[in-house]
Each structure stands twice: as structure tokens, then as C-alpha cells.
Amino acid sequence: MVCHYLQHVPFETPRAIFEWARDRGLQISGTRLFLNESLPESLPDFLIIMGGPMGVHDEDRYPWMPEEKAYIKKSIENGIKILGICLGAQLLAELLGAEVTKNPYKEIGWFPVRLTKEALAHPLFEGFPEEFQAFHWHGETFAIPKGAIPLAYSEACRNQAFLYQERILGLQFHLEMTPEGAAELLENSKEDLEPGPYVQNQEEILGEPSLYHETRELLFKLLDRFIRL
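The numbers in the UniProt record's numbering rise by one with no breaks, and the one at position 23 of the sequence shown is 23.
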């Protein structure tokens, strides 16, 4: 299986997804859009769209975004397996016809995510806890695309995940996060840390080692099942 990721900023990489792909002997490559790298001519088996501080409506500020959207749309139309994380999920939602808007709250740090009844009944989440801690860093949100299954929610954000046609998975939260990734986000996006009910302080955002271990296990389990759907 060939995996390819789209990266929007230097500090939001696939993180633990690299380890997952390596452990399973999968080929993984990437396009660093912020360096104006060219998108591949061919489509991969599995496309991974990472997060970033920009929004889906910022095409005027990021000249590479229209071409990226065209590549994602082509992947959708050709039946490619796709995972979108944070901004990546919002891009997928928009291209599937759903609105992406400002969330009522910024959600930054470790907060619980709860699975919907639809998720609990789906093979992707068999044996998952109904509620688990996840890493968040976002101020916008997506509506659930028509025909997609809502998978998760949190107190701060009504729509945290969706599944479309068993092959397109959008996650607003970051199961791939590592301690190094959280530290880089703090270093590069401190301006996001405005006081709010769902914005943690630096120590809370960095979290305990056990949180990263738990989300890594959930990520690996989820990806193993997703690529087999």
C-alpha cells in the first residue's frame, strides 16, 4: 500500500502515523505544500491530509490551496481511501458539500471525545471506550456531509469526526500527536492561547506521557481497521 500525506506547515507532520506505516511495512511519502512542492501525478492507495493554522476559505492567502483541493477532489472521485485530520477533515467536509465555520469555542489541549451511537455500532470502533482523552487545537468546525456518519463529539465541538462511504474519515482531533508535536505547536501557535473555557495552559497542553501512549494505541487500531474497510 502506498500512503501519501499533504502537509501544510512545518510543525504539523503525520507524527505517530509515520511509526504506524513503518511498523506495517507501508510506503509513505509526502507533499510539503508550504514549500511549494508539486503534488504527485498519480494517486496513492491512502491519502492523509494533515492540519494547519489556516482555514479552508484562505485560498487567497495560500496559492497552493486551490491545487490541493483539486487533488483531494480527484482522490474522492476516484475512490481513494482518505484520512483528514483537523484542517484535513475540514477540507474533506467542504469538498463533500458541508459547511466549515467558526466553532463557538476554541478547543486547545486535552479534552474528552465521546463516540456517537453510530460509531459504537461500527466495526471501526469495536472495543473502543465510549469516551477517551484526545488532543485538540482548532477554532473552526465542520458540518457533517450529507450521507456521512457522525462519529464523535465533545463539550466544545458538536462534530468531531465523520465517515463517508466507508473510505473517507475525518477527525477534528489529533490521535497522531506526540510530545514533540505538542511542543512545536506551542512554539509556533502561542497566539491561539486566548483565555477560554476549553483552552488549557502550557503545562496542561503538553500533557502526561500516558495520554500519548493511549491515543497512539487508539490511532494504530483505528488505522489498521480503516485500511481494511
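By construction, the Cβ of each residue, glycine as well, lies at the ideal position given by its N, Cα and C atoms.
task: Find out if the Cβ-Cβ distance for the pair A93, G181 is shorter than 9 Å.
output: Their beta carbons are not under 9 Å apart, which means A93 does not touch G181 by this criterion.
Does the Cβ-Cβ distance between A119 and P150 come in under 9 Å? Going by C-beta atoms, A119 is nearer than 9 Å to P150.
Start and end residues, beta strand (DSSP E) containing N103:
That run of the beta strand (DSSP E) goes 100-115.
task = Using DSSP bridges, identify the partner residues of Y212.
result = DSSP output for Y212 lists no bridge partner at all.
Please report the residue range of the beta strand (DSSP E) in which R32 lies. Its beta strand (DSSP E) spans residues 27-32.
_Taking 9 Å as the threshold (C-beta atoms), are E187 and Q133 in contact?_
Contact: no.
Quiz item: Are Y153 and R114 close, meaning C-beta to C-beta below 9 Å?
Solution: Their beta carbons are under 9 Å apart, which means Y153 touches R114 by this criterion.
Proximity of L96 and A161 at Cβ, strictly below 9 Å: No, the pair does not count as a contact, with Cβ atoms beyond the cut-off.
Helix, strand or coil at L96 [DSSP, three-state]: Here L96 sits in coil by DSSP.
- CA-CA distance, K221 and L193? Between the alpha carbons of K221 and L193 lies a gap of roughly 31 Å.
Does the count of Cβ pairs from the segment 81-91 and the segment 49-68 closer than 8 Å reach three? Judged by pairs of C-beta atoms under 8 Å, the segment 81-91 touches the segment 49-68, as three or more such pairs exist.
CB-CB under 8 Å to A143, same chain, minus the five flanking residues each way: which ones, in chain order? Cβ within range, chain order: A93, A98, E99, V100, T101, N159.
Exercise for the section: State yes or no: is the beta carbon of L92 nearer than 9 Å to at least one beta carbon in chain B? Expected result: Protein chains in the displayed structure number just one, and chain B is not present.
**Report entry** F46 - containing alpha helix (DSSP H), residue span
**Finding:** Element bounds for F46: not the alpha helix (DSSP H) but the beta strand (DSSP E), 46-49.
Please go through the same chain and pick out, in chain order, the residues whose beta-carbon is closer than 7 Å to the beta-carbon of T178, but skip the five residues on each side of it. If we look at T178 and ignore the five residues flanking it on each side, its Cβ neighbours are R15, A16, Y212.
Rounded distance between the beta-carbons of I205 and I76, thought under 8 Å: With 8 Å as the limit, I76 and I205 do not qualify as a contact, their Cβ atoms being about 33 Å apart.
Between the Cα of S189 and the Cα atoms of G139, Y105, P197, I227, which residue gives the shortest distance? Proximity to S189 across G139, Y105, P197, I227 peaks at G139, based on C-alpha coordinates.
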